[in-house]
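These notes concern the structure reproduced below.
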Amino acid sequence: MAKPGKSVIFILALLLIAAVISNTAIGSTSISPDVSAKILVTKIFESILEMTGKIFPSVTANMQANGYYPVEKTWTDSQEIIISDIRLPRVLLAALVGAALSTAGCAMQGLLKNPMADPYIIGMSSGAALGASLAFVMLLPVQFLSFIGAVITIFVVYNISKIGGKVPVDTLLLSGIAVGSLLAAFTSLIIFISHSPHQIIFWLMGGLWTASWDKVKITSVMIIFGILVLYRFAWSLNVMLLGEEQAQYL
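Numbering (the numbering used here), first residue to last: 2 to 251.
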């Protein structure tokens, strides 16, 4: 988990902003990227005004009364609603999910000392899928059972791989593949015998069609907290790449 240079971070930040603007312009309703960018700038400006209004109410009131905005409004109200209430939450939620997946994958590869390691290989994804499938069948909370399934799976895989008090990485990966294949078979069986297989399939495929600002706020807090915690242990994960014995000395 080497620290990237400032120039790399700056370039990636610019690419992320460009991706957000371009993706908010894509959809069934045609909205050009420049209009999308203007709407986003206006929304950011309005949010800043709302926050500063609590500290400097008189200044904010004068700016709002004079109708001061950074860009001229050349879009319709419907376009503004489409961008701010429908497309932008989906794009931001997709960016948050991507950040969470990449960070978790990087941490897992460092912990297991193998660039091939991911949640699919060690069986976590299959355990989560089985838990979610059971939740749909038994009408229980899907997210909770999915999390429990992933935790139980990694616990089982870890204990199966333990040899003489140690867990060889190769054995862990092979055990994960075997357990994951078994759980995937059970998931397929549940889908086959379920009365509503479409719900399970749609959930397993994933999607952002239910994205909202409330979900963006909740998800951002959880993901940012997790990323900061993993970043705190970045040095320890780098040391783990040297092996368990060398890591103990350091």
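Where is the CB? At the ideal position from N, CA and C, for every residue including glycine.
The structure presented is a predicted model; accordingly, all values stated were derived computationally and were not measured.
Annotation: the continuous alpha helix (DSSP H) that includes Y159 extends over V143 to S162. Closest in C-alpha terms to W236, from the list C107, A19 and K216, comes C107. Counting the other Cβ atoms within 10 Å of the Cβ of T77 gives fewer than 16, which makes it exposed. Spanning the alpha carbons of S195 and G208 requires a straight line of approximately 21 Å. As the crow flies, the alpha-carbon of I123 is around 15 Å from that of A186.
Distance between K218 and V240, taken at the CA atoms: about 34 Å. Short of 7 Å from the beta carbon of S37, and not among the five residues preceding or following it, lie these beta carbons of its own chain, in chain order: I22, T25, A26 and I84. Of the candidates G177, L238 and G99, G99 places its Cα closest to the Cα of A20. In terms of Cβ geometry, T188 and S127 form a close pair [threshold 8 Å]. Rounded to the nearest angstrom, the gap between the Cα atoms of L238 and G227 is 15 Å.
When the Cα atoms are used, D215 and T43 turn out to be separated by approximately 21 Å. Between A118 and L183, the CB-CB gap reaches or exceeds 8 Å. Assigned with DSSP and collapsed to three states, K39 falls in helix.
Here K218 carries a helix assignment [DSSP, helix/strand/coil].
Taken atom to atom, the span from the alpha-carbon of I32 to that of L41 is near 13 Å. Per DSSP, the unbroken alpha helix (DSSP H) holding W204 starts and ends at P198 to M206. Listed in chain order, the non-local C-beta contacts of S176 below 7 Å within the same chain comprise V158, I161 and S162, local neighbours out to five positions each way being set aside.
In this structure, the alpha-carbon of I87 lies about 15 Å from that of A96.
The residues L209 and A212, in chain order, have a CB closer than 6 Å to that of R91 in the same chain once the five nearest residues on each side in sequence are set aside. When the alpha-carbon of A133 is set against those of Y121, I149 and P120, the nearest one is in I149. Between E73 and L190, the alpha-carbon positions lie close to 57 Å from each other.
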